[in-house]
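Worksheet: the structure to be examined is printed underneath.
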Amino acid sequence: MKSVIEQDIRILKGGWRVAESEDEIKYVKRLVIALSIEGDPKNGYHLIMTPDGLFTADLHFDSIKEAKEEAEEYFEVSNIQWS
164 MKSVIEQDIR
174 ILKGGWRVAE
184 SEDEIKYVKR
194 LVIALSIEGD
204 PKNGYHLIMT
214 PDGLFTADLH
224 FDSIKEAKEE
234 AEEYFEVSNI
244 QWS
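The numbering of the sequence shown is my numbering, which starts it at 164 and goes up by one.
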């Protein structure tokens, strides 16, 4: 299951996070983020997040529904279109 979104990302030393309004603009970039959910009912599901040009991060969930909900909450985007 995959999707692509755009989001303002705060570049950190050795990392990244979703930008907040108080972040200095020189550290913020609007990036394309590839999202995917991989896994199975036995082992759980990983929400895999890869901002363009930055390292991949992932989070583990018990269900696809939880992974989708976290993606929308974390990136502050509703109705992410998954394929």
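Heads up, the beta-carbon is just placed ideally off N, CA and C, and yes, glycines get one too.
**Request:** Could you tell me if Y208 is buried or exposed, where buried requires 16 or more neighbouring beta carbons within 10 angstroms of its beta carbon?
**Result:** buried
**Prompt:** Do you know how far the Cα of S199 is from the Cα of E232?
**Reply:** 13 angstroms
**Buried/exposed call for I172, threshold 16 Cβ in 10 Å** = buried
**Asked** Is it buried or exposed for L210, if we count other Cβ within 10 angstroms and need 16 for buried?
**Response** buried
**Prompt:** At which residues does the alpha helix (DSSP H) containing A230 begin and terminate?
**Reply:** 227-237
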